[in-house]
């Protein structure tokens, strides 16, 4: 930890230069000033932590998002307050035990459009929910949703409502969202879709991709007794590279196929989800492994799936070729993934209980920055 923090003072100065608004506290009202002062302090600490401990670039609009989370009733957290959280998370804000965080992937370059996604987790649980692929996409969504509600209230003849999220975002909303953008995106003739459908299409086209929005589209097709369109939506959700490294899209497809009585396809999708990090599942491991028609033993499932992957790979190579042995880095990364999977399966007590062992495993993989980040809690 001493090694990780040796440059924090220099980082603090860089953060203040990069985000000069952190040095100014708006004076519009006592309440607003107090809230923004808290955000500025939390923002500075979080930015330093991201740059020096997580070795990640601070998102440009992170300050705006943290203010908006406060305006929604959240309490800003110290980035070191990681008790009961997944070891790769940086906490931002909490409402009760539910914590909104940034996810620091071990190798961010492998996740092209979500190198530092926004996630949510309940302390002491094992699953992590993907909220948005980036700070910008989540902030855009929150502002759009508030604007839709405010516009509907104003259209009903009621007094124009306040827009606390837009006020909290301040200049960080510039170039991202303007009031009326959602309404302007709808066809001039209106159309038969509901307001919620219009918002969903706006988010997909203008803001970004969100798991719950994708799932909502498929669920809406099912509600209209259109299973074919629901399956197309589920396929698009999981197959288009929208959410790299995330198991939930495949798990959702397995749930949909199960609902439709297509059990072989459900089995295959459940197995696909179990080849990805289990902490990105929503349902308990035992439930997903049952759908996959696999044992409830974590070690056995990981072995069986790795053997299937090896068999599929060997079928695509020349019979005279041979498989190269795995590198020390690959083996260490597999051990790290196994540790976290076993927490999800209940074989190990908690993420906190594996933190030191996990850090050492990443160090063996040559990822010292990740190891230092995991230990800095």
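Numbering (this note's numbering), first residue to last: 2 to 378. Even for Gly, the Cβ is constructed at its ideal location relative to N, Cα and C. Only a predicted model underlies this, so the values are computations on that prediction, with no experimental measurement involved.
Separation of residue j from residue i, as counted between CA atoms
i, j, result
"residue 338", "residue 137", "29 Å"
"residue 232", "residue 364", "42 Å"
"residue 74", "residue 96", "7 Å"
"residue 183", "residue 315", "50 Å"
"residue 225", "residue 260", "15 Å"
"residue 340", "residue 354", "10 Å"
"residue 371", "residue 144", "33 Å"
"residue 253", "residue 237", "12 Å"
"residue 64", "residue 141", "14 Å"
"residue 204", "residue 94", "23 Å"
"residue 357", "residue 378", "11 Å"
"residue 288", "residue 109", "30 Å"
"residue 376", "residue 359", "9 Å"
"residue 70", "residue 163", "16 Å"
"residue 239", "residue 283", "15 Å"
"residue 186", "residue 158", "23 Å"
"residue 66", "residue 55", "19 Å"
"residue 348", "residue 43", "36 Å"
"residue 193", "residue 199", "In this prediction, residue 193 scores a pLDDT of 49, lower than 50, which makes its location untrustworthy; the coordinate-derived value is nonetheless stated afterwards. Taking the straight line joining both Cα atoms gives about 10 Å."
"residue 350", "residue 188", "53 Å"
"residue 258", "residue 230", "13 Å"
"residue 206", "residue 166", "22 Å"
"residue 89", "residue 104", "6 Å"
"residue 367", "residue 334", "10 Å"
"residue 131", "residue 212", "7 Å"
"residue 170", "residue 72", "9 Å"
"residue 311", "residue 369", "29 Å"
"residue 332", "residue 156", "60 Å"
"residue 241", "residue 250", "11 Å"
"residue 248", "residue 304", "18 Å"
"residue 76", "residue 68", "10 Å"
"residue 117", "residue 53", "15 Å"
"residue 129", "residue 208", "22 Å"
"residue 57", "residue 168", "28 Å"
"residue 78", "residue 160", "35 Å"
"residue 308", "residue 45", "47 Å"
Beta-bridge partners of residue i, as assigned by DSSP
i, result
"residue 174", "In DSSP, residue 174 forms no bridge with anything."
"residue 121", "101 and 130"
Chain-order list of residues whose beta-carbon lies under 8 Å from that of residue i (same chain, five-residue window excluded)
i, result
"residue 234", "215, 218, 219 and 222"
"residue 86", "92, 100, 102, 122, 124 and 352"
"residue 201", "214, 217 and 218"
"residue 290", "271, 275, 296, 297 and 302"
"residue 196", "149 and 153"
"residue 228", "222 and 261"
Residues near residue i in its chain [Cβ-Cβ closer than 6 Å; skip 5 each side]
i, result
"residue 115", "134"
"residue 106", "112"
"residue 262", "none"
"residue 255", "267, 270, 271 and 292"
"residue 345", "127, 279, 280 and 286"
"residue 294", "268"
"residue 62", "136, 137, 140 and 173"
"residue 60", "136"
"residue 336", "362"
"residue 245", "112"
"residue 47", "80"
Same chain only: Cβ atoms within 7 Å of residue i, ignoring 5 sequence neighbours per side
i, result
"residue 306", "272, 275 and 276"
"residue 154", "162"
"residue 243", "210"
"residue 343", "299 and 349"
"residue 51", "57, 59 and 91"
Residue i at chain D interface by Cβ criterion, 8 Å
i, result
"residue 152", "In the structure shown, chain D does not exist; there is a single protein chain."
Entirely within the stretch 51-99 and at least 3 residues each: give me those beta strand (DSSP E) ranges in chain order.
Here the runs fully enclosed are 90-96.
Spell out a yes or no on whether the stretch 104-121 and the stretch 142-152 are touching, meaning 3 or more CB-CB pairs, one atom from each, closer than 8 Å.
With a cut-off of 8 Å, the stretch 142-152 and the stretch 104-121 do not count as touching, because too few Cβ pairs lie within range.
Is there contact here, the stretch 297-309 with the stretch 273-288, by at least three beta-carbon pairs under 8 Å?
In the pairwise beta carbon analysis, the stretch 297-309 is classified as touching the stretch 273-288: at least three pairs are separated by under 8 Å.
Count the C-beta pairs between the stretch 163-183 and the stretch 77-89 that are closer than 8 Å, then say yes if the count reaches three, no if not.
These segments do not touch.
Would you check if the stretch 324-331 and the stretch 262-269 touch, i.e. whether three or more CB-CB distances between them fall below 8 Å?
Too few Cβ pairs lie closer than 8 Å, so no.
Quick check for students: name the residue ranges of the alpha helix (DSSP H) that lie wholly in the stretch 212-257, counting only runs of 4 or more.
Whole alpha helix (DSSP H) segments, 4+ residues: 212-224 and 228-240.
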